Amino acid sequence: MSEVVADFVVIGAGPAGMAAACEARSHGLSVVLLDEQAAIGGQIYRGVETAPSDRLEVLGKDYAVGRDLTSAFCSSGARHVGGATVWNVSTDGTVDYVTNGSSGKAVGKYVLIASGAMERPFPIRGWTLPGVMGAGAAQILLKGAGALPSGPVVLAGCGPLLYLLAWQYLRAGASIRALVDTTDRSAHLHAARYVTGALLGWRDLAKGIKLLAALRRHRVPVYSGCTDLAVEGESRVEGLSFRHGGKLVQVPASLLLLHQGVVPNTQISWSTGSAHRWNAEQLCWQPVTDVWGRLGETSLYVAGDSRAIVGAQASAVQGRLAALAIAARLGAVTDLDRRAAPLQRDFRRHTSIRPFLDSLYRPRDENRIPQDGGVLVCRCEEVTAAQIRRYVELGCQGPNQTKAFGRCGMGPCQGRFCGLTVTELIAGTRGVPPDEVGYYRIRPPIKPVTLGELTR
Amino acid sequence: MTTEALFSIPHTAVVKTVTIIIDGKSLTVPDGISVAAALLAGGVRDFRSTVVGKAPRAPYCMMGVCFECLIEIDGVPARQSCLVPVRDGMRIRRQDGAADLVTANLGDVA
Amino acid sequence: MDNQGMTVIGGGLVGAAIAYGAVRAGVKVRVLDQGDNAFRASRGNFGLVWLSSKGGKLPRYARWTRDAIKLWPALHKELLELTGVDSGLQQPGGFWLGFSEAEITARASLLEKIDREAGDIPYKMMEPRELREYLPGIGPAVVGGSFGPLDGHANPLMLLHALHAGLRERGADVISGVSVGEIRHDSDKGRFEIVATDGQSWKSGRLVLAAGLGNAKLAPQVGLQTPITTTRGQVLITERLKPFLKYPTNKARQTAEGSVQIGSTTEDVGLDDGTTTEKIEWLARRAVATFPALAQARLVRAWGALRPLTPDGYPVYQASTSCPGAFIAICHSGVTLASAHSMVIGPWMGGLTAAPPDFDVFLSDRFADPNKSFSHDH
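Chains as they are written, first to last, in full-length UniProt numbering: chain A, 1 to 456; chain B, 1 to 110; chain C, 1 to 378.
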């Protein structure tokens, strides 16, 4: 058991965490940064320090720019503890973790939770079959290992990451059999309301147009407005069936990459007992914080995508803002408002396109709330949508009761991959808003750790 | 179950390799990548079978949240292979159903 | 159902079992249950169906527990057939494991006293060598133990699910998301009016308070006086493992699903049902000392729950004298006693049978003497 004390403990080495650590160091605070991965970068800049030049070329400028942040972090003087599994965060600033088989404690005057985002679950029939993965997962394989699909790949869903991965695959010479787009065409109309904001984020829009043009150039079959997705196969994926323009289409696939946006990874903030609210635009939970990211009256702050989805650049700015506020509390910064103002302007600029994106790429109800009762909602304990509905009929009002009745959320992922689906399923069945249904009561351990690790 | 790999790692990307052992078979893989990446590129299609329905599963998220890539590594069952970097001589076994403390203890621990 | 029928306040293990017992005996039953965020002691139950060492200061309680143990297989079978939900009962006998000679000596004399006073409470003290024949995985820290051939375990959550599914099958009216604020008794009409905090209300001829800690506020409104305290119990639950532990023990048990439950603490912390790093680590150390192979098992959940306790730890079962038709049940052994609550207490509180014999020992009057002090017995 080792113990380290610092002014500022950061959880997560993505943009928000690294930027916060740099900012805090620049005001003389002692900083310890814990991250589950061995190397810094988070998921967005995964492997950026060590990626060879051809991989940087394939992944594009927005990835390569991550090196600015990783090198700033490396020379900041913050202490980095890699391979650290955080299993408990107390509201007083104590963080318990396990690394290399034994436990450690980092005691911070303040703690920043910067645990980032995860891909939104895509609960459709057959989504548990080997060969079905998240598009973000495949991108991590490309960033971390340079791995590309061996044969033609099928991409399905919606959201910027899906098109970005397609573009990166084409640049790397990988072959795409089909892109099955689930974007709701009526969403284009809704999204038009946010065009002013989108124009402020014209750079992001221009990127999107460039990606689509690349797909056309490579003659990738793009099916748009698809519904009724179902994965085919018995013991592994064999294909994807869907409805397109009123017709049932089937495409063969041995590798199917699904994606419908990312959602905040809120496991840590929930575990601290903090209040959360349902974000109806982004269709996910987000912790309730003050403007600087502080959770209630605790020593804990949240920044970046784990607070609400804002993207990499805005996450870094938000991390800096949280670090500034903490430095001010510790007396290391006296002119907080003056220093924060330009960062706040940056934040607004980086997030101006968000309402447009959230509206345009709003995942379809049918891909979040399975109507097909046979769809597995809880992958770990293999609980179906029909079972959850049955527990609601028996009187269960929320996810903790359905969990008690049918073990949904009791497996090793601890509810991470079924939680949103269960909340929305119960809300739909009861006919009440998600806020009234609530979420799992997340308790330590935040991630599974062995009993032996807790004794060493 | 090894078969044609879903992913491949072009040789240009490889600097140094290590050898890992999956269910008794040697696999030469690039150093520095995760066990999950190594197995996917090495032709392992399913990593384990589920406890409840004995259904085959393989990695889904590659970032430590879905727990589908659980596998026995160096005698310790149910490790998240997407979070563990490969190491030369590492012994890996696919997991059939629930983790088995007894055989894990008698297993390949160095 | 104005004057007929019975309303049970509390849909946890105690309330659901009593309600199920009443409805299966033919009483018209309504259950008022809280929502998703209730304290829910049922969820923190360790799951033992346990006789050994119960009733050291109250032989009637030892006999009552023995009755429940013997009624359990019938309840389990009935619920399984009726609802398809398996409450996970296994009664292979169970072990208490000791870490010191002093603990073991005290254990032997307690078990001898209970068997002598209550009668027919079998047990056997064992040396480590004999323990290993049953539990090959125990570590050197275990220096002795006792075996209770009638002991066993069940799945508290599946039992709760089965009881609720059974209530539904048998036509009970279960209303969820209700927080009861007030109970009025109309002595002329011989009925109760139950008012929820959101203004809903129900009328009923009979009333059972089985609201756990919530009883404290409700009991005085129907002429029942009952001191309730609480202790927090923390338990640890591992990932599912292949079977390695054939018998339940006082420190760890492997469930039918394969996960290992490790328990539990007894802490006097008021209404805080959280978990603590210190106790999680203490439970982990104790589990690994008991079964060293568990060092490799992954902890998936830790849980804290509040046990509703009377000052001496024994239950209260009581009928109100000032408001006839009102009853209270307070008990924290909701799993062990579920069968007796269904098959004996349900029909009694439902008005179909008389109180079980020698039940006066469970009246709350025993706490009335202000000069008497109490300690929890188990």
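Note that beta-carbon positions come from the ideal geometry of N, C-alpha and C, so glycine has one too.
Remember, it's a predicted structure, so these values are computed and weren't measured experimentally.
Whole-Å CB distance - residue i paired with residue j, under 8 Å assumed
i, j, result
"residue 124 of chain A", "residue 375 of chain A", "6 Å"
"residue 334 of chain C", "residue 97 of chain C", "In fact, because the Cβ distance is near 24 Å, the residues do not count as touching under 8 Å."
"residue 17 of chain B", "residue 382 of chain A", "Not confirmed; about 37 Å, so no contact."
"residue 183 of chain A", "residue 360 of chain A", "7 Å"
"residue 210 of chain C", "residue 8 of chain C", "6 Å"
"residue 18 of chain C", "residue 208 of chain C", "6 Å"
"residue 16 of chain A", "residue 84 of chain A", "That belief does not hold up - the Cβ atoms of residue 16 of chain A and residue 84 of chain A are roughly 17 Å apart, past 8 Å."
Collapsed DSSP secondary structure at residue i in the structure displayed
i, result
"residue 144 of chain A", "helix"
"residue 88 of chain A", "strand"
"residue 186 of chain C", "strand"
"residue 311 of chain C", "coil"
"residue 28 of chain C", "coil"
"residue 231 of chain A", "strand"
"residue 371 of chain A", "coil"
"residue 410 of chain A", "coil"
"residue 156 of chain C", "helix"
"residue 72 of chain A", "helix"
"residue 279 of chain A", "strand"
"residue 86 of chain C", "coil"
"residue 378 of chain A", "strand"
"residue 95 of chain B", "strand"
"residue 21 of chain C", "helix"
"residue 363 of chain A", "coil"
"residue 67 of chain C", "helix"
"residue 22 of chain A", "helix"
"residue 291 of chain C", "coil"
Bridge partner(s) assigned by DSSP for residue i
i, result
"residue 247 of chain A", "A/244"
"residue 204 of chain C", "C/192"
"residue 158 of chain A", "A/260"
"residue 105 of chain A", "A/3 and A/96"
"residue 79 of chain B", "B/71"
"residue 146 of chain C", "C/96 and C/125"
"residue 113 of chain A", "A/11 and A/302"
"residue 304 of chain C", "C/234"
"residue 8 of chain B", "A/148"
"residue 118 of chain A", "A/263"
"residue 133 of chain A", "A/257"
"residue 402 of chain A", "None; residue 402 of chain A has no bridge partner."
"residue 178 of chain A", "A/154"
C-alpha gap between residue i and residue j, whole angstroms
i, j, result
"residue 35 of chain B", "residue 285 of chain C", "30 Å"
"residue 31 of chain B", "residue 61 of chain B", "21 Å"
"residue 295 of chain A", "residue 301 of chain A", "6 Å"
"residue 84 of chain C", "residue 157 of chain C", "14 Å"
"residue 342 of chain C", "residue 225 of chain C", "24 Å"
"residue 345 of chain C", "residue 283 of chain C", "35 Å"
"residue 291 of chain A", "residue 304 of chain A", "13 Å"
"residue 238 of chain C", "residue 147 of chain C", "24 Å"
"residue 273 of chain C", "residue 442 of chain A", "13 Å"
"residue 124 of chain C", "residue 248 of chain C", "15 Å"
"residue 186 of chain A", "residue 36 of chain A", "40 Å"
"residue 234 of chain C", "residue 239 of chain A", "47 Å"
"residue 430 of chain A", "residue 40 of chain C", "22 Å"
"residue 209 of chain A", "residue 354 of chain A", "17 Å"
"residue 252 of chain C", "residue 277 of chain C", "19 Å"
"residue 452 of chain C", "residue 242 of chain C", "Look at the range of chain C in this structure, 1 to 378, and you will see that residue 452 of chain C is not part of it."
"residue 37 of chain C", "residue 403 of chain A", "13 Å"
"residue 259 of chain A", "residue 445 of chain A", "28 Å"
"residue 160 of chain A", "residue 379 of chain A", "26 Å"
"residue 165 of chain C", "residue 212 of chain C", "21 Å"
Chain-ordered neighbours of residue i on chain F, where CB pairs are closer than 9 Å
i, result
"residue 417 of chain A", "Among the protein chains in the structure shown, which are A, B and C, there is no chain F."
### Message
Give the list of continuous alpha helix (DSSP H) stretches no shorter than 4 residues that lie fully inside the region 341-374 of chain C.
### Response
Runs found: 346-349.
#### Entry: Uninterrupted beta strand (DSSP E) stretches inside the region 10-70 of chain B (no shorter than 3 residues)
17-22 and 25-30
### Task
Could you pull out every unbroken beta strand (DSSP E) segment of at least 3 residues lying fully inside the region 196-262 of chain C, listed in chain order?
201-204, 206-209, 229-240, 252-254 and 259-262
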